[in-house]
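Chemist: Here it is, the structure in full.
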Amino acid sequence: MESNIFKLNDKIYSNNNNTLLDIVNTLNKLINRSKDNHIIKTLGDVITKLNSIINENKINVELIRNDIFSLYNKFNKRFAELKVDNTKNKELKYETGRYVGQVLNGLKEGKGIFYGNNGDKYEGEWKNDKMEGKGIFYWSSGNIYEGDWINGNMEGKGIKYWYSGSCQGDRYEGDWKDGKHEGKGIYYYNSGDKYEGSWRNGQKEGKGIYYWNDGDRYEGDWKNGNMDGRGIYYYNNGKIYVGDYKNNKKDGKGIVYYKNGDRMMGDYSKDKKIGKHIRLTKIGDIKIEKFY
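For what it's worth, my numbering labels the leading residue of the sequence shown as 15, then goes sequentially.
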């Protein structure tokens, strides 16, 4: 394979467009097949020389610019992978536990497992000595997170299972940021309840739907984990409330639609009707009711 690589050097200086494109294709194949650091470095040198010649002679730069850019990216990625491959299965010891896996320049890099002295365990990908990429974290309590990591934190897409503590039996599937629910996600409660919607800083925030195990449902705005803003509450008996909420309670303007076709509109404060409420019956009658 090496002899074929070095033969490419003579073709580099050709002004033939087809020859240049042939080189690009050949280098792609060689990088994909190569397992040797020296060969990879040689490929990098050839790519650099090719790019230099193309720029100097301005030979159809537009035609193969994307191919050269792709080759650079592939070369850098593959070379980094091979450097890590050559240092796998090492063990590093720390005051907090031990690591078994791939190492680069004395740091955890690639794939590996960290065993904490407290019983915690992380198994997955690492970058610059931190958990990054895909991985699974096993807490000594029994809880498990499986998904994406960035800079040592749960971030991206992931699932967490609670097998102990106050959240035992719960499960969250969705977006994470800095170790907290953030973005879109679904939280399944051990009671049978479910929330599906937006999260921020670990709290329900934005638009979302909460399903109770008795059949009730709320669709609307959330703030700091509470129903807050405009929303619709569907009762399991067929009644529907449409209106304002604050801190999980009806607060502001609202309309109640009854199963028999009647509807009542008025003001609310902390879940209680206040002032005058107008009831419109299904047959068109209007009734005024006062609440204090």
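Beta carbons: idealized from backbone N, C-alpha and C, even for Gly.
No experiment lies behind these values; they were computed from the predicted model shown.
1. Could you check how far apart the C-beta atoms of ARG244 and ASP228 are, in whole angstroms? I think they sit under 8 Å.
2. Taking ILE302 as part of the beta strand (DSSP E), name the residues at either end of that continuous run.
3. Can you determine whether any heavy atom of the ligand FMN sits closer than 7 Å to the C-beta of LYS221, and answer yes or no?
4. On the three-state DSSP scale, how would you describe GLN182?
5. Applying the criterion that 16 or more other CB atoms from any shown protein chain within 10 Å of the CB defines a buried residue, is PHE305 buried or exposed?
6. LYS273 and GLY298: beta carbons closer than 8 Å?
7. Secondary structure at ASP134, three-state DSSP: helix, strand or coil?
8. Pull up the distance between the alpha-carbon of GLY212 and that of ASP189, whole angstroms please.
9. Would LYS264 pass as a contact of ASP235 if the rule is Cβ separation under 8 Å?
10. Under the three-state reduction of DSSP, which class applies to GLU109: helix, strand or coil?
11. State buried or exposed for TYR159, treating a residue as buried only when at least 16 other CB atoms are found within 10 Å of its CB.
12. Is it the case that the Cβ atoms of GLU288 and MET279 are separated by a distance below 8 Å?
13. Apply the 10 Å Cβ neighbour rule to ASN192 and answer buried if 16 or more other Cβ atoms are within range, or exposed otherwise.
14. Between ASN157, TYR224, GLY120, which lies nearest to ASP134 when the distance is taken from Cα to Cα?
15. In whole angstroms, what is the alpha-carbon distance linking CYS181 and ASN240?
16. Could you tell me whether the Cβ atoms of ARG112 and TYR129 are closer together than 8 Å?
17. At which residues does the beta strand (DSSP E) containing LYS263 begin and terminate?
18. Answer yes or no: do TYR225 and ASP207 have a C-beta to C-beta separation smaller than 8 Å?
19. I need the DSSP call for TRP153, collapsed to helix, strand or coil.
20. On the criterion of 16 or more Cβ atoms from any shown chain inside 10 Å, does LYS296 qualify as buried, or is it exposed?
21. Pick out whichever of THR110, TYR282, GLU146 has its Cα sitting closest to the Cα of LYS122.
22. Could you name the residues of the same chain whose beta carbon sits closer than 7 Å to that of LYS144, not counting the 5 residues immediately before and after it, in chain order?
23. Could you pull out every residue in the same chain whose Cβ sits closer than 8 Å to the Cβ of GLY197, ignoring the five residues on either side in sequence?
24. Report the rounded CA-to-CA distance for ILE19 versus GLY172, giving the unit in angstroms.
25. Name the residue from TYR282, ASP184, ILE150 whose alpha carbon lies nearest to the alpha carbon of MET168.
26. Could you pull the start and end residues of the beta strand (DSSP E) that TYR6 belongs to?
27. By the DSSP assignment, the beta strand (DSSP E) with GLY120 in it spans what residues?
28. Given ASN262, which residues of its chain have a CB within under 8 Å of its CB, disregarding the five upstream and five downstream residues?
29. What residues match up with TRP140 in a beta bridge as DSSP calls it?
30. If GLY138 and TRP163 are in contact, beta carbons under 8 Å, what's the gap, nearest whole angstrom?
Modeler: The answer reads as follows:
1. Counting from one through the sequence shown, the residue named residue 244 turns up at place 230. Counting from one through the sequence shown, the residue named residue 228 turns up at place 214. Actually they do not touch by this definition, with Cβ atoms about 23 Å apart.
2. Within the sequence shown, numbered from 1, the residue matching residue 302 stands at position 288. Element bounds for ILE302: 300-305.
3. This structure simply doesn't include the ligand FMN, nor any ligand for that matter.
4. For the purposes of this step, residue 182 is taken as the residue at position 168 of the sequence shown. Of the three classes helix, strand and coil, the one that applies to GLN182 here is coil, per DSSP.
5. Looking up residue 305 in the sequence shown gives position 291. So PHE305 counts as exposed.
6. Translated into positions along the sequence shown, residue 273 becomes position 259. Translated into positions along the sequence shown, residue 298 becomes position 284. In this structure, GLY298 does not lie closer than 8 Å to LYS273 by Cβ.
7. Indexing the sequence shown from 1 puts residue 134 at position 120. Three-state result, ASP134: coil.
8. In the sequence shown, counting from the first residue as 1, residue 212 sits at position 198. In the sequence shown, counting from the first residue as 1, residue 189 sits at position 175. Rather than Gly, the amino acid found at residue 212 in this sequence is Ser. Distance between the alpha carbons of SER212 and ASP189 is about 9 Å.
9. If you number the sequence shown from 1, residue 264 lands on position 250. If you number the sequence shown from 1, residue 235 lands on position 221. No.
10. Translated into positions along the sequence shown, residue 109 becomes position 95. Looking at GLU109 - three-state DSSP - the assignment turns out to be coil, as it is neither helix nor strand.
11. Numbered from 1 along the sequence shown, position 145 holds the residue referred to as residue 159. Buried: at least 16 other Cβ atoms inside 10 Å.
12. Within the sequence shown, the letter at position 274 stands for residue 288. Within the sequence shown, the letter at position 265 stands for residue 279. The residue asked about is misnamed: residue 288 is Ile in this sequence, not Glu. Cβ atoms of ILE288 and MET279: not closer than 8 Å.
13. Translated into positions along the sequence shown, residue 192 becomes position 178. Inspection of the sequence shows that residue 192 is occupied by Asp rather than by Asn. ASP192 should be labelled exposed.
14. One-based indexing of the sequence shown puts residue 134 at position 120. Here the closest residue by C-alpha is ASN157.
15. The residue given as residue 181 occupies position 167 in the sequence shown. The residue given as residue 240 occupies position 226 in the sequence shown. About 18 Å.
16. In the sequence shown, the residue the question calls residue 112 occupies position 98. In the sequence shown, the residue the question calls residue 129 occupies position 115. Yes, they are a contact pair.
17. Numbered from 1 along the sequence shown, position 249 holds the residue referred to as residue 263. Unbroken beta strand (DSSP E) run through LYS263: 263-271.
18. Here residue 225 corresponds to residue number 211 of the sequence shown, with the count starting at 1. Here residue 207 corresponds to residue number 193 of the sequence shown, with the count starting at 1. Contact: yes.
19. Your numbering for residue 153 matches position 139 in the sequence shown. Looking at TRP153 - three-state DSSP - the assignment turns out to be coil, as it is neither helix nor strand.
20. Translated into the one-based positions of the sequence shown, residue 296 becomes position 282. Result: exposed.
21. The residue you call residue 122 lines up with position 108 of the sequence shown. The candidate whose alpha carbon is nearest that of LYS122 is GLU146.
22. Indexing the sequence shown from 1 puts residue 144 at position 130. For LYS144, where only same-chain residues beyond five positions count, the Cβ hits under 7 Å are ASN165, GLY166.
23. Counted from its first residue, the sequence shown places residue 197 at position 183. For GLY197, where only same-chain residues beyond five positions count, the Cβ hits under 8 Å are GLY188, ASP189, TRP190, LYS191, SER212, TRP213.
24. Along the sequence shown, one-based indexing puts residue 19 at 5. Along the sequence shown, one-based indexing puts residue 172 at 158. Because the pLDDT of ILE19 is 42, which lies under 50, any placement of that residue in the model is unreliable, and the number read from its coordinates should be weighed accordingly. Straight-line Cα distance between these residues: approximately 43 Å.
25. Here the question's residue 168 lines up with position 154 in the sequence shown. If we check each option's Cα against that of MET168, ILE150 comes out closest.
26. As displayed, the chain neither begins before 15 nor continues past 306, which places residue 6 out of reach and without an answer.
27. Mapped onto the sequence shown, residue 120 falls at position 106. First-last for GLY120: undefined, no H or E at that position.
28. For the purposes of this step, residue 262 is identified with residue 248 of the sequence shown, where counting begins at 1. Around ASN262: ASN240, MET241, ASP242.
29. Taking the first residue of the sequence shown as 1, we reach residue 140 at position 126. For TRP140, which the question treats as bridged, DSSP gives the partners GLY124, MET145.
30. Residue mapping note: residue 138 aligns to position 124 of the sequence shown, counting from 1. Residue mapping note: residue 163 aligns to position 149 of the sequence shown, counting from 1. Between TRP163 and GLY138 the Cβ distance is about 7 Å, and since that is below 8 Å, they are a contact.
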